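Following the numbering used here, the numbering of the sequence shown begins with 25 at its first residue and continues without gaps. For every residue, glycine included, the Cβ atom is placed at its ideal position computed from N, Cα and C. In this text, all values refer to a predicted model and were calculated from it rather than measured experimentally. First the structure, in the form of structure tokens, and then the observations on it.
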Amino acid sequence: YFMNKKVATSYPRLLENYLKENNLTAEIEEISGSVEIAPGIGLADAVCDIVSSGSTLMTNGLREVATILKSQAVIISNKNLDQQKHSILNKLLFRIRAVKNAKENKYILLNAPLEALHEICRILPGMKSPTILPLVEKGWCSIHSVVKEDEFWERIDQLKHAGAEGILVIPIEKMIL
Numbered sequence: 025y026f027m028n029k030k031v032a033t034s035y036p037r038l039l040e041n042y043l044k045e046n047n048l049t050a051e052i053e054e055i056s057g058s059v060e061i062a063p064g065i066g067l068a069d070a071v072c073d074i075v076s077s078g079s080t081l082m083t084n085g086l087r088e089v090a091t092i093l094k095s096q097a098v099i100i101s102n103k104n105l106d107q108q109k110h111s112i113l114n115k116l117l118f119r120i121r122a123v124k125n126a127k128e129n130k131y132i133l134l135n136a137p138l139e140a141l142h143e144i145c146r147i148l149p150g151m152k153s154p155t156i157l158p159l160v161e162k163g164w165c166s167i168h169s170v171v172k173e174d175e176f177w178e179r180i181d182q183l184k185h186a187g188a189e190g191i192l193v194i195p196i197e198k199m200i201l
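Now the structure itself:
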């Protein structure tokens, strides 16, 4: 795909190595920041950039055609940290876990008839148990709970079948367990 194309990137050496390893020839246009807009403004035919979810690529009408490098962020610590630095490290790890936990879960609010309450609580056990609030309309309640992202669609189908209505799904920013 890159053969004889102009490729915009913030990582020229990485791209240059990839092109050489794959016997490809391309013109490298080094830019910093907002690389993904380069094809749209006529600066390049393609881009070489870091991709996390791919949503920025899609927003700019691009698609991933090759993976040059897979990487992950890691925290490395000295085993012999003094107490103050160890405390700072623990605070950082706590905050990272809170964000990670949040991304793995969704907050759900829904309305349900009281006769469906037991079944819905079985479907949505939440972190400890769901929050149940009465609605002004007699015989109805609002149920608030948390569901794991990987169980989300299966649970939604079960909730609808059990009588849930007006289901709202909200991303969780941070989740402290």
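{"Asked": "What three-state label does DSSP hand serine 169 in the structure shown?", "Found": "strand"}
{"Asked": "Is it a yes or a no for the region 165-184 touching the region 133-143, going by three-plus beta-carbon pairs under 8 Å?", "Found": "yes"}
{"Asked": "For the pair the region 80-96 and the region 52-64, tell me if three or more CB-CB distances fall below 8 Å.", "Found": "yes"}
{"Asked": "State the Cα-Cα distance for the pair alanine 186 and glutamine 96, rounded to the nearest angstrom.", "Found": "41 Å"}
{"Asked": "In terms of residue numbering, what span does the alpha helix (DSSP H) encompassing threonine 155 cover?", "Found": "Careful: threonine 155 lies outside any alpha helix (DSSP H), inside the beta strand (DSSP E) at 155-158."}
{"Asked": "Only counting runs of 4 or more residues, tell me where the alpha helix (DSSP H) segments fall wholly within the region 37-105, in order along the chain.", "Found": "79-83"}
{"Asked": "What are the boundary residues of the alpha helix (DSSP H) that includes lysine 127?", "Found": "107-127"}
{"Asked": "DSSP three-state call for leucine 133: helix, strand or coil?", "Found": "strand"}
{"Asked": "Measuring only the C-alpha atoms, how far is serine 153 from cysteine 145?", "Found": "8 Å"}
{"Asked": "Rounded to whole angstroms, what is the Cα-Cα separation between methionine 151 and asparagine 129?", "Found": "10 Å"}
{"Asked": "Which of helix, strand or coil does DSSP assign to leucine 138?", "Found": "helix"}
{"Asked": "Alpha carbon to alpha carbon, what distance is there between serine 111 and asparagine 104?", "Found": "13 Å"}
{"Asked": "Restricting to Cα atoms, I'd like to know which of Leu113, Asp174, Lys30, Leu159 is closest to glutamate 189.", "Found": "Leu159"}
{"Asked": "Assuming the contact rule is C-beta atoms closer than 8 Å, alanine 126 and glutamate 197 should be a hit. Round their C-beta distance to whole Å, please.", "Found": "6 Å"}
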